[in-house]
Amino acid sequence: MVDFSNLSVGEELPALQTDKISRTTLALYAGASGDHNPLHIDPDFAASAGFDDVFAQGMLSMAYLGRLLTNWVPQSYIKNIDVRFSSITPVNIDIICTGIIKSKTESASQKTLEIEIEAKDGNTGDIKILGLALLDFNSTL
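Heads up: the sequence shown begins at 0 in numbering that gives the first Met the number 0, then just goes up one per residue.
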């Protein structure tokens with residue numbers, strides 16, 4: 000488990016790199032999430048809408064950011080995630096999720112971290128999602 004007292008502003012979380020996002024990944028995520036928007040699963044529909052191909056659901060990349068955090072701390076520590084979706088995520092790319100500690104607050108009753116998080120294309124570095132996560136180290140299940 001991460002020791003709050005040993006953490007510093009500017010410290011990076013261990014990065015998470017996904018496998019390449021495949022059409023199967025999109026179909027499985029659609030089934031699990033209920034997001035059956037044809038832009039994500041039907042190449043002909045995506046083409047008719049002016050896209051080169053289907054692309055990943057934004058919340059799939061958001062889920063990868065959640066995994067970045069839960070690989071590092073218990074889920075109960077995550078109090079808030081606030082993100083901005085920057086660009087679409089095409090099929091056949093991998094995503095790299097990273098985080099850096101932006102602020103640390105410690106008092107008798109509070110132990111919190113603000114983490115800047117991002118999901119980007121593993122090949123081009125194009126940012127897909129950028130945001131902040133608030134972690135509370137006093138939380139328990």
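Glycine residues also receive a C-beta, built at the ideal position from the N, C-alpha and C atoms. Computed from a predicted model, the values in this text were never measured in an experiment.
Give me whichever residues DSSP pairs with residue i in a beta bridge.
i	result
residue 1	Paired residues: none, contrary to the question.
residue 118	96 and 128
residue 16	95
residue 7	Answer by DSSP bridge pairing: none, since residue 7 is not bridged.
residue 38	Looking at the DSSP assignment, residue 38 forms no beta bridge with any residue, so it has no partner.
residue 134	77 and 112
residue 23	For residue 23, which the question treats as bridged, DSSP gives no partner whatsoever.
residue 54	89
residue 104	111
Hey, could you find the ends of the beta strand (DSSP E) residue i is sitting in?
i	result
residue 80	77-84
Which two residues bound the contiguous alpha helix (DSSP H) that contains residue i?
i	result
residue 62	57-69
residue 44	42-47
Cα-Cα, which of the options is closest to residue i?
i	options	result
residue 135	69, 0 and 112	112
residue 13	49, 20 and 64	64
residue 66	104, 98 and 103	98
residue 18	47, 91, 3 and 108	91
residue 23	40, 16, 89 and 138	40
residue 85	117, 100, 101 and 106	117
residue 6	121, 110 and 123	110
So, using beta-carbon positions, are residue i and residue j closer together than 7 Å?
i	j	result
residue 1	residue 72	yes
residue 27	residue 132	no
residue 42	residue 51	no
residue 100	residue 8	yes
residue 25	residue 96	no
Query raised in the report: Does the region 114-127 come close enough to the region 47-66 that 3 or more CB-CB pairs lie under 8 Å?
Result: Taking 8 Å as the limit for Cβ pairs, the verdict is that the region 114-127 does touch the region 47-66.
Query raised in the report: Three or more beta-carbon pairs under 8 Å between the region 73-84 and the region 21-38, yes or no?
Result: The count of Cβ pairs closer than 8 Å, one atom from the region 73-84 and one from the region 21-38, stays below three, leaving the stretches out of contact.
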